[in-house]
Each structure stands twice: as structure tokens, then as C-alpha cells.
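See below for the structure under consideration.
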Amino acid sequence: MADISQNIIGNNTILFDQNFFSKASTSWFEKDYWQNQGAITGSAEGRGTTYFFQHQKVDMVLRHYKRGGLIGKIVDDHFLFNNIASTRPWVEFNLLTKLTEWDLPVPQPVAARIIKTGIIYTADIIIKRIPDSNDCFERLCRAPLEKNVWIDVGRCIRRFHDKQVFHHDLNIHNIMLNDSNIWLIDFDKCFIRKGNKWKSLNLERLLRSLRKEKNKAKDFFWQDSDWQYFIRGYNTPSFS
Numbered sequence: 067m068a069d070i071s072q073n074i075i076g077n078n079t080i081l082f083d084q085n086f087f088s089k090a091s092t093s094w095f096e097k098d099y100w101q102n103q104g105a106i107t108g109s110a111e112g113r114g115t116t117y118f119f120q121h122q123k124v125d126m127v128l129r130h131y132k133r134g135g136l137i138g139k140i141v142d143d144h145f146l147f148n149n150i151a152s153t154r155p156w157v158e159f160n161l162l163t164k165l166t167e168w169d170l171p172v173p174q175p176v177a178a179r180i181i182k183t184g185i186i187y188t189a190d191i192i193i194k195r196i197p198d199s200n201d202c203f204e205r206l207c208r209a210p211l212e213k214n215v216w217i218d219v220g221r222c223i224r225r226f227h228d229k230q231v232f233h234h235d236l237n238i239h240n241i242m243l244n245d246s247n248i249w250l251i252d253f254d255k256c257f258i259r260k261g262n263k264w265k266s267l268n269l270e271r272l273l274r275s276l277r278k279e280k281n282k283a284k285d286f287f288w289q290d291s292d293w294q295y296f297i298r299g300y301n302t303p304s305f306s
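My numbering puts the first residue of the sequence shown at 67, with every later residue one more than the last.
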């Protein structure tokens, strides 16, 4: 069970699970800190650079919050501060904590931080890394997924929808696979949402991302007929 603590260090506010760290430190969120310890195990490029590191034999992920879209071209990583509870990392951290308690397949949150300067803030989050996993896009660039895997992906998404979890950016890059499970990642701007009408639109977003990658990538082993197996899995009631 998570043991959450919140601490203020200067203009840094840190939220963390004491199962992973015993005392708050701003150093956790600095790439150089982990690099100096020889703890960095890799990195990935996306909206900024995400760093992978190991702490006490636990693999973790460090991500700095960046803006996207047109605003991101003007304002790189600054956000307007209203209150601590509504900041991007606090919302994501607390949502991931709840989803972990519900036994949904998400990365476990470890720590989050905001640095407040006047009415703006910058932010970072650390999560536990999903072991031996690849995102679905990478897998599809190498080989097609078997029908039963698509069925399992559909069942996975249905589990989230049954709990009214709205994933703001449901796309093929945010679905992770390993030998034992299907996972969802990147819960920035996600929340518990009432109603049901949004669910079909959420699925359409995922389908658009598949078709988009199919049109872009030279090797992408997906075809429209695979979608029926996803839907078959999605339409299978889940009791987990």
C-alpha cells in the first residue's frame, strides 16, 4: 500500500511514496544526480527526454513535464499555478495511486515535484518502470500481433472504461506489452469521467492513431481487419 508524504523544500513541493524514498530530496528529479551515481540505464525521446534509472534495485522513469501543440512552441515547460492539487503532476500522481489500488495495469507512482515561481511552475514525475516491456508501436514495427493479443488489448481498455477512467491521449504509443500483461502509460491530463458517450470517441482516437502510423511507417504490421479482434476483447465483460 502506498505511504504518501508531501514536503516543501524552498520553492519545491514534493509528493512521494515512502516505500521508495524515506526522505524528500530535490536531487531525485535531476538527471545529473542519477548519472553521477551510475544509475542511468537509458533514455527515450518524445516530448523532451525521459530518463530510466535504477534506485535500490527498482527500475524507475524520470519525466519532465513539457507543453505540446502550438503553445509548446512558445512556452516550453511552464504552467499556470492555481493550487497544488490541480497541478499536472499532483493530478497524475494521485490518479495513478488510485488506479494502482484498483489493480489496474498502470505504472506505480513514486514521486512528483513542482517548482513554483510566482504564478507559474515547472514539474517532474518519477514512476516505476514496467519490466521487460515495449510500446505497442515498437512491437508492430517488427511483427504483427496475434489475434489473442489484440483481444487482450481490447479487454485491457475495457477495464479502464468500466472504472470511468478517461485517457486523454489513448494512442498506440501509450499501450505497453510484456510477456505477462497489457499496460497503459502517460496519464497526464487524464481523469475519472462520468457518462459513457466519450468512450466510443476514445476508441476512435486509438483507431486513428493506428491508421496514422500505418500511413507513416515503412514497416508497420497492422491492418484494419485486426480492429475486429480488439473490439471483440473490448466487448467481453471483465470481472477483474
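Heads up, the beta-carbon is just placed ideally off N, CA and C, and yes, glycines get one too.
Bear in mind that the values here come from a model prediction, so they are computed numbers and not experimental data.
For this session: Go ahead and label I75 buried or exposed: buried means 16 or more other beta carbons lie within 10 angstroms of its beta carbon, across all protein chains shown.
Result: exposed
For this session: With R129 as the anchor, note down where its beta strand (DSSP E) starts and where it stops.
Result: V124 to H130
Exercise. How many angstroms separate the CA atom of N73 from the CA atom of T79?
Worked result: 6 Å
Exercise. Which word fits N141, buried or exposed, when buried means at least 16 other C-beta atoms lie within 10 angstroms of its C-beta?
Worked result: First, the amino acid is wrong: residue 141 is Val here, not Asn. Exposed, because fewer than 16 other Cβ atoms sit within 10 Å of the Cβ of V141.
For this session: Compare the beta carbon distance of T92 and R179 with 9 Å and say whether it is the shorter of the two.
Result: yes
Exercise. Given P175, which residues of its chain have a CB within under 6 Å of its CB, disregarding the five upstream and five downstream residues?
Worked result: Result list for P175: F159, L162, T163 and I193, in chain order.
For this session: Starting from N78, follow the beta strand (DSSP E) in both directions and report where the run begins and ends.
Result: N78 to D83
Exercise. So who's on the other strand from V231, going by DSSP bridges?
Worked result: I258
Exercise. Pick from N262, Q289 and K97: whose alpha carbon is nearest that of E212?
Worked result: Q289
Exercise. Does the stretch 196 to 204 touch the stretch 239 to 246, meaning 3 or more C-beta pairs lie closer than 8 Å?
Worked result: yes
For this session: Please report how far the alpha carbon of S246 lies from the alpha carbon of I196, in whole angstroms.
Result: 11 Å
For this session: Please go through the same chain and pick out, in chain order, the residues whose beta-carbon is closer than 7 Å to the beta-carbon of G114, but skip the five residues on each side of it.
Result: H130 and K132
For this session: Go to V157, then tell me how far its alpha helix (DSSP H) extends in each direction, as first and last residue.
Result: R154 to E167 is the extent of the alpha helix (DSSP H) around V157.
Problem set entry | Segments of 3+ residues assigned as beta strand (DSSP E) that fall wholly inside the stretch 167 to 225 | Under the rule that a run must span 3 or more residues, the beta strand (DSSP E) segments found entirely inside the stretch 167 to 225 read 175 to 183 and 186 to 194.
Problem set entry | Nearest-angstrom Cα separation, counted from N268 out to T107 | Looking at the two C-alpha atoms, the distance is approximately 34 Å.
Exercise. Are the beta-carbon atoms of F232 and R259 separated by less than 9 Å?
Worked result: yes
Exercise. Counting along the chain, where does the alpha helix (DSSP H) carrying N73 start and finish?
Worked result: First-last for N73: I70 to I75, but that is the beta strand (DSSP E), not the alpha helix (DSSP H).
Exercise. Got a sec? Which residues, its chain only, sit under 7 Å from I297 by beta carbon, not counting five neighbours each side?
Worked result: Around I297, the same chain offers G220 as residues with beta carbons nearer than 7 Å, after the five sequence neighbours per side are excluded.
For this session: Output yes or no for whether 9 Å exceeds the beta carbon distance between N237 and R277.
Result: no
Exercise. First and last residue of the alpha helix (DSSP H) that includes G299?
Worked result: DSSP places G299 inside the alpha helix (DSSP H), whose first and last residues are W293 to Y300.
For this session: Determine which residues share a DSSP beta bridge with G112 and list them.
Result: Residue pairing by DSSP puts G112 in a beta bridge opposite G114.
Exercise. How many angstroms separate the CA atom of K284 from the CA atom of K229?
Worked result: 37 Å
Exercise. By how many angstroms is the C-alpha of D143 removed from the C-alpha of S71?
Worked result: 25 Å
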